[in-house]
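Visitor:
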Amino acid sequence: MIGFTQPPCDAGVIEATPAFDAALSQRRKWLTLAAAVIGSSMALLDGSVVNIALPAIQQALNADAAATQWIVNAYLLLLGALVLIGGSAADLYGRRRIFVIGIAVFTAASIVCGLSPNIMVLIVSRAVQGLGAALLTPASLAMLGATFGKDERIRAIGIWAGAGALMMAAGPMLGGWLVDQVSWRAIFLLNVPLAIAAAGLALRFGCESSDPRAKQLDWSGAASVAIGLAAMTWSLSAIPASGFRDKTVLVALGVGAAFLASFVVIEARLHERAMMPLSLYQSRDFSATNALTLLLYFALGGALYYLPFGLIRVGGYSATQAGAALLPFALIMGFGASFAGTIADRWGPRLLLTVGPIVAACGFTILAFVDLRQPYWISVFPSMVLLGGGMSITVPPLTSTVMAAAGEAHAGIASGINNAVARVGGLLAVAALGVVFFANFLHDLAGATPAQANEALNAVMSGQADAHAGAIAAFERALSTIMLVPASCAALAGLAGWVWIAPRPKRAGT
């Protein structure tokens with residue numbers, strides 16, 4: 001989620017799609033569900049396995065730390081910036097059509113990823129993967145909304161969510177096994193048979209649907225937010241090598257800020273035709289839940305990017321073991337969410353949106369102080385339990401509060417916005433924590449210049465045998481320090497939940 005975690009509001013898109021074809025046979029409905037599950041799981045699985053493979057990819061392609069970040073960032077950038085316009089395209093041009101196009105784009109990019117001869121080809125193809133995911137993910141959910149009636153839709157949501165939880169749990173371990181036993185390239189080529197199955201089922205059994213009320217695509221808004229996020233992310237990732245005062249970095253920061261500001265102006269002028277209607281932010285609950293989402297998924301995205309490097313390079317884990325180490329987090333998050341939903345219905349969302357992030361903050365704090373060389377059960381496992389518990393407590397009331405705050409008429413776009421915010425949180429985390437990580441690493445390498453520190457960091461992260469002990473120790477200390485940033489963000493998310501969220505979600509217009 002952020003590479004690893006499923007964004008909180010995907011199911012809201014299904015719930016918000018009002019029209020469906022009542023004449024469809026049961027067989028056709030459930031095979032359409034299978035297509036949607038396989039397609040969305042493909043994108044989710046890809047996100048969850050890549051982080052585990054990053055150390056192997058960096059070593060194989062001789063990539064530096066900044067380029068390695070872009071393996072994740074390129075995907076999240078296009079996905080986060082374009083997922084809203086992908087949903088609008090599905091409504092306008094046909095859900096099944098955009099779903100299949102998204103699968104085709106995603107799969108073609110996956111093949112190029114798996115065959116990449118160098119890091120630049122991999123980064124570009126990862127960006128194209130993000131574009132494909134931005135098309136297929138919202139289209140798959142909207143396709144379900146047009147297939148199932150209200151009663152059956154609840155069951156479809158449960159199956160879809162369960163499949164997502166399964167992919168979250170199995171993805172890192174499967175990815176680690178493929179890295180150890182086959183190659184890091186296999187994690188991308190695995191998408192090909194899944195894509196053939198999803199596209200084949202959709203074309204054979206899925207019904208085409210569109211929304212006659214769908215608005216024209218907000219290309220100006222999509223372009224401005226994509227360029228703004230790209231410039232901001234690039235500038236942050238360039239700081240370790242170039243420094244804070246580098247003119248190119250400062251120009252990129254300014255360009256990014258200008259385009260993001262222009263995005264707000266464009267959306268304000270477009271009103272209800274905007275991909276992100278700013279009128280939704282008049283709701284305090286809607287604004288608060290998105291702020292909470294940004295903080296929490298920033299924390300998760302950053303921690304789960306760096307943790308595999310720590311497990312493999314410091315703790316001596318294999319890729320399979322590193323993937324398995326994350327399993328308790330995914331299992332607890334997946335299976336605990338149903339209980340949290342029941343509690344939220346009874347007690348209201350504010351309590352859980354306060355307690356959940358604080359529990360997660362405790363998990364991040366443990367990671368800041370444990371020795372990764374110690375046995376798993378007394379080092380990493382407790383933090384995974386707390387992270388899984390905290391997220392399972394948080395996600396159900398987060399989803400319901402966003403939907404209630406926006407109202408039924410805007411539930412789909414509200415869900416999409418919250419999804420995009422979660423992706424952007426992970427994107428910014430990888431870039432921003434890279435700056436904090438390098439600053440601490442440089443500080444611990446007494447007397448080293450930034451160029452020397454950057455070279456030493458690349459040696460440690462890529463597993464080079466000549467990485468000296470001082471660099472490894474500095475890497476370990478920097479890893480511990482940056483885990484305090486996710487802990488602080490999660491704690492702030494809990495504070496935001498308590499201060500800003502109403503005890504009971506307020507429906508739009510009430």
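Residue numbers for the sequence shown follow our numbering, so the first one is 1 and each next one is one higher. Where a beta carbon is used, it is the ideal one built from N, C-alpha and C, also for glycine. It should be emphasised that the depicted structure is a prediction, and the values quoted were computed from it without experimental measurement.
Three-state secondary structure (DSSP) at Asp246?
Guide: Position 246 of the sequence shown holds residue 246. Coil at Asp246, not helix or strand.
Visitor: Buried or exposed, going by whether 16 or more other CB atoms sit within 10 Å of the CB of Met333?
Guide: Locating residue 333 in the sequence shown gives position 333, where the first residue counts as 1. Looking at its Cβ environment, which holds 16 or more other Cβ atoms inside 10 Å, Met333 is buried.
Visitor: Are Val50 and Val83 close, meaning C-beta to C-beta below 8 Å?
Guide: Within the sequence shown, numbered from 1, the residue matching residue 50 stands at position 50. Within the sequence shown, numbered from 1, the residue matching residue 83 stands at position 83. In this structure, Val83 does not lie closer than 8 Å to Val50 by Cβ.
Visitor: Check this for me: beta carbons of Thr401 and Pro349, under 8 Å apart or not?
Guide: Position 401 of the sequence shown, counting from 1, holds the residue named residue 401. Position 349 of the sequence shown, counting from 1, holds the residue named residue 349. The answer is yes: Cβ separation under 8 Å.
Visitor: Mapping DSSP to helix, strand and coil, what is Ile366?
Guide: Residue mapping note: residue 366 aligns to position 366 of the sequence shown, counting from 1. The answer is helix: DSSP assigns Ile366 an H, G or I state.
Visitor: Is there contact between the stretch 237-252 and the stretch 354-370, where contact requires at least three CB pairs shorter than 8 Å?
Guide: The stretch 237-252, when compared against the stretch 354-370, does not touch it at the 8 Å Cβ threshold.
Visitor: Alpha carbon to alpha carbon, how far is Gly323 from Met167? Give it in angstroms, no decimals.
Guide: Here residue 167 corresponds to residue number 167 of the sequence shown, with the count starting at 1. Here residue 323 corresponds to residue number 323 of the sequence shown, with the count starting at 1. The straight-line gap from Cα to Cα measures roughly 12 Å.
Visitor: Do Lys29 and Thr147 have their CB atoms nearer than 8 Å?
Guide: Position 29 of the sequence shown, counted from the start, is the residue given in the question as residue 29. Position 147 of the sequence shown, counted from the start, is the residue given in the question as residue 147. It is a contact, given that the beta carbons lie within the stated cut-off.
Visitor: Take the Cβ of Pro503 as the centre, count every other Cβ of all protein chains shown within 10 Å, and call the residue buried at 16 or more, exposed below.
Guide: Here the question's residue 503 lines up with position 503 in the sequence shown. With fewer than 16 other Cβ atoms within 10 Å, it is exposed.
Visitor: Could you tell me the boundaries of the alpha helix (DSSP H) in which Ser183 lies?
Guide: Counting from one through the sequence shown, the residue named residue 183 turns up at place 183. From DSSP, Ser183 is part of no alpha helix (DSSP H); its letter is neither H nor E.
Visitor: Are the stretch 426-433 and the stretch 228-235 touching by the rule of at least three beta carbon pairs closer than 8 Å?
Guide: They touch, by the three-pair rule.
Visitor: Determine the closest residue to Leu188 out of Leu115, Ser220, Ser237 and Leu236, with distance taken between C-alpha atoms.
Guide: By one-based count along the sequence shown, residue 188 stands at place 188. It is Phe, not Leu, that sits at residue 188 in the sequence shown. Taking only the C-alpha atoms, the option nearest Phe188 is Leu115.
Visitor: So the alpha helix (DSSP H) Ser488 belongs to, where does it begin and stop?
Guide: Here residue 488 refers to the residue found at position 488 of the sequence shown. Per DSSP, Ser488 belongs to the alpha helix (DSSP H) from Leu484 to Trp500.
Visitor: On a CA-only basis, which of Gln452, Leu33, Leu44 and Pro193 is nearest Glu152? Give me that one, please.
Guide: Within the sequence shown, the letter at position 152 stands for residue 152. Of the listed residues, the one whose Cα sits closest to Glu152 is Leu33.
Visitor: Taking DSSP as the reference, what is the three-state secondary structure of Glu208?
Guide: Residue numbering aside, residue 208 sits at position 208 when the sequence shown is read from its first letter. Residue state, collapsed to three classes: coil.
Visitor: Nearest by alpha-carbon distance to Gln216: which of Leu270, Arg185 and Val37 is it?
Guide: By one-based count along the sequence shown, residue 216 stands at place 216. Ranking the options by Cα distance to Gln216, first place goes to Leu270.
Visitor: What number of angstroms, rounded off, separates the C-alpha of Gly87 from the C-alpha of Asp371?
Guide: The count along the sequence shown starts at 1 and reaches residue 87 at position 87. The count along the sequence shown starts at 1 and reaches residue 371 at position 371. Looking at the two C-alpha atoms, the distance is approximately 44 Å.
Visitor: How would you call Tyr281, buried or exposed, if buried means at least 16 neighbouring beta carbons within 10 angstroms?
Guide: In the sequence shown, residue 281 corresponds to position 281, counting from 1. Label assigned to Tyr281: exposed.
Visitor: Looking at the structure shown, is Pro503 part of a helix, part of a strand, or coil, going by DSSP?
Guide: What you label residue 503 is simply residue 503 of the sequence shown in a count that begins at 1. Coil.
Visitor: May I ask you to report which of helix, strand or coil DSSP gives Pro349?
Guide: As a first step, residue 349 is located in the sequence shown; it is residue number 349 there, counting from the start. Three-state result, Pro349: helix.
Visitor: Which residue's Cα is closest to the Cα of Arg558: Asn458, Phe329 and Pro193?
Guide: Any answer about residue 558 is impossible in this case: the structure gives the chain only from 1 up to 510.
Visitor: Does the beta-carbon of Ala109 have 16 or more other beta-carbons within 10 angstroms, so that it is buried, or is it exposed?
Guide: In the sequence shown, counting from the first residue as 1, residue 109 sits at position 109. Buried, because 16 or more other Cβ atoms sit within 10 Å of the Cβ of Ala109.
Visitor: In terms of alpha-carbon separation, which member of Phe369, Pro397, Gly363 and Leu398 lies closest to Val385?
Guide: Locating residue 385 in the sequence shown gives position 385, counting from the first residue. The candidate whose alpha carbon is nearest that of Val385 is Gly363.
Visitor: Can you tell me whether Arg373 is helix, strand or coil according to DSSP?
Guide: As a first step, residue 373 must be located in the sequence shown, where it is residue number 373. If DSSP states are grouped into helix, strand and coil, Arg373 belongs with coil.
Visitor: Which of the three DSSP states is assigned to Tyr317 in this structure?
Guide: To locate residue 317, count along the sequence shown from 1; it is residue 317. Coil, per DSSP.
Visitor: In this structure, does DSSP put Arg213 in helix, strand or coil?
Guide: Residue mapping note: residue 213 aligns to position 213 of the sequence shown, counting from 1. In the structure shown, Arg213 sits in coil (DSSP, three-state: anything other than H, G, I, E or B).
Visitor: Out of Gly200, Gln129, Ile85 and Ser125, state which residue places its alpha-carbon closest to the alpha-carbon of Arg96.
Guide: Locating residue 96 in the sequence shown gives position 96, where the first residue counts as 1. Out of Gly200, Gln129, Ile85 and Ser125, Gly200 has the C-alpha closest to the C-alpha of Arg96.
Visitor: Check Ser462 in the structure and name its three-state DSSP category.
Guide: Working through the sequence shown from its first residue, we reach residue 462 at position 462. Coil, per DSSP.
Visitor: Which whole-angstrom value describes the C-beta separation of Tyr330 and Gly388, a residue pair presumed to lie in contact below a C-beta threshold of 8 Å?
Guide: For the purposes of this step, residue 330 is identified with residue 330 of the sequence shown, where counting begins at 1. For the purposes of this step, residue 388 is identified with residue 388 of the sequence shown, where counting begins at 1. The residue you asked about is not Tyr; residue 330 is Ala in the sequence shown. Indeed, because the Cβ distance is near 7 Å, the residues count as touching under 8 Å.
Visitor: Have a look at Ala202 and Tyr93 and give me their C-alpha separation to the nearest angstrom.
Guide: Start at 1 with the first residue of the sequence shown, and residue 202 comes out as number 202. Start at 1 with the first residue of the sequence shown, and residue 93 comes out as number 93. Using only the alpha carbons, I get a separation of about 16 Å.
Visitor: Using 10 angstroms around the beta-carbon of His410, count the other beta-carbons present and answer buried if the total reaches 16, otherwise exposed.
Guide: Within the sequence shown, numbered from 1, the residue matching residue 410 stands at position 410. So His410 counts as buried.
Visitor: Starting from Phe148, trace the alpha helix (DSSP H) both ways and give me its first and last residue.
Guide: Taking the sequence shown and counting its residues from 1, one reaches residue 148 at position 148. Note, Phe148: premise wrong, no alpha helix (DSSP H); not H, not E.
Visitor: Just how far apart, CA to CA, sit Ala303 and Ala493?
Guide: Here residue 303 refers to the residue found at position 303 when the sequence shown is read from its first residue. Here residue 493 refers to the residue found at position 493 when the sequence shown is read from its first residue. Cα to Cα, the separation comes out at about 16 Å.
Visitor: Which of the three DSSP states is assigned to Ile239 in this structure?
Guide: For the purposes of this step, residue 239 is taken as the residue at position 239 of the sequence shown. Helix.
Visitor: Would you call Met120 buried or exposed, if buried means 16 or more other Cβ atoms sit within 10 Å of its Cβ?
Guide: If you number the sequence shown from 1, residue 120 lands on position 120. It is exposed - the Cβ of Met120 has fewer than 16 other Cβ atoms within 10 Å.
Visitor: Between the Cα of Val435 and the Cα atoms of Leu236, Ala56, Ala471 and Glu272, which residue gives the shortest distance?
Guide: Looking up residue 435 in the sequence shown gives position 435. Per the Cα distances, Leu236.
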